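Read the structure below first, then the notes.
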């Protein structure tokens, strides 16, 4: 479609909506007309197929806020393809719009009436994914990069800054990213510098793919760089200081925006994804924001109660008061002694009590236990177990 055809088409009329229609109204009108004129519902009807293509084209422009604004601005500037004079001007002066678009109608770069040479092409470049004068390549976002890092248990809990050596694709230094030994690549004739080509998908729709001739760069080297072989990209190594936030867990994937491969033609850099591995700790474990530890106690401490000291990660020990009759496996809580949360607060330390049964007893200890057994001979700790089993 030529620029002149584009300006003269009234897409609002095609969809049957007013010029101040809302996005919802445009979407509703498009869906209604698309169902009515879809080729599957009008097999063999060429007019319906053409109408469907018009509807789809109108929706592509008006359904996108940026494209719609560019279309409205162009229509306001040119009207229906004719120049609109300012106040006091008389009549209407018609001319070929191709003269204003620096090459869209066969003009060379910078050619055209009035010295516009590509300026107005920028307005329509966004609509058709083309540079104003056919020589501008599209900015390309850099690729995302994934790396791995292994932290100690303490580093994962408290956070750490670690060096990360990365190898990624970056603009070739030898040719300044142009791919050409002399720095003078030519615009790809296939995609006209956009790096993309469209192909029909049937039903009035089209798909956009990276250009196979220039590999999506929009440029082709006339004299390929010996370092990057004309790709404009070369492998580079760099060491980054990466901050791993406190409280990260094993297997977590952290996203660092803009730390991936640099973009091309002014495009943004990709992102860096860091997969974190955390080494196990010989004493502490972890459940979410809470740390866990198992503390051995003697039978007298569990039966009679008392105070036990409990180690903490990277800090002084805490003292827990053990109630008399504490059973084996009971979990107690030391508040604020766990892992660091994202808001800076800390979780808790969950302390599991493990009653230790000694393997070797001295004579005096044996005598004491024999006396204890005689004193508690009337109590059967398994009575309730058998009663419940029998009644079940």
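Numbering (this note's numbering), first residue to last: 7 to 398.
In this text, a Cβ means the ideal position worked out from N, Cα and C, and glycines have one as well.
Model, not experiment: these values are computed from the prediction.
- Contact between residue 228 and residue 190 holds, with the beta-carbon distance rounding to 6 Å and staying under 8 Å.
- The residue among 244, 304, 346 and 339 with its C-alpha nearest the C-alpha of residue 330 is 304.
- Between the C-alpha atoms of residue 150 and residue 43 there is a straight-line separation of about 42 Å.
- For residue 342, the closest of 352, 215 and 348 by C-alpha to C-alpha distance is 352.
- Proximity to residue 326 across 340, 282, 319 and 75 peaks at 340, based on C-alpha coordinates.
- By the criterion of a C-beta distance shorter than 7 Å, residue 249 is surrounded in its chain by 167, once the five residues flanking it on both sides are discounted.
- Put simply, the region 12-25 touches the region 33-41. At least three CB pairs are less than 8 Å apart.
- In the DSSP assignment, residue 318 forms a beta bridge with 321.
- For the alpha helix (DSSP H) assignment, the uninterrupted runs of no fewer than 4 residues enclosed by the region 272-357 are, from N- to C-terminal side, 305-310.
- As the crow flies, the alpha-carbon of residue 232 is around 46 Å from that of residue 62.
- By the Cβ rule, the region 359-366 counts as touching the region 304-315, because three or more pairs are nearer than 8 Å.
- Shown here for residue 197: same chain residues with a beta carbon closer than 8 Å to its own, the five before and five after excluded, namely 203, 217, 219, 220 and 224 in chain order.
- Less than 9 Å divides the Cβ of residue 316 from the Cβ of residue 355.
- When secondary structure is reduced to three states using DSSP, residue 232 falls in the coil class, being assigned neither helix nor strand.
- Residue 149 is not bridged by DSSP to any residue.
- Around the C-beta of residue 47, fewer than 16 other C-beta atoms lie within 10 Å, and the residue is accordingly described as exposed.
- With the rule of 3 Cβ pairs closer than 8 Å, the region 278-288 counts as touching the region 152-167.
- About 7 Å separates the CB atoms of residue 308 and residue 328; that is less than 8 Å, so the two are in contact.
- Secondary structure of residue 375 (DSSP, three-state): helix.
- DSSP, read as helix, strand or coil, puts residue 362 in coil.
- When the five nearest sequence neighbours on each side are left out, the beta carbons in the same chain lying within less than 7 Å of the beta carbon of residue 244 are those of 172, in order along the chain.
- If you look at residue 262, you'll find it in the beta strand (DSSP E) that goes 259-262.
- Its chain contains 183, 238, 239, 240, 268 and 270 as the residues whose beta carbon lies nearer than 8 Å to that of residue 177, once the 5 sequence neighbours on both sides are disregarded; these appear in chain order.
- Residue 51: not part of any alpha helix (DSSP H); DSSP gives it neither H nor E.
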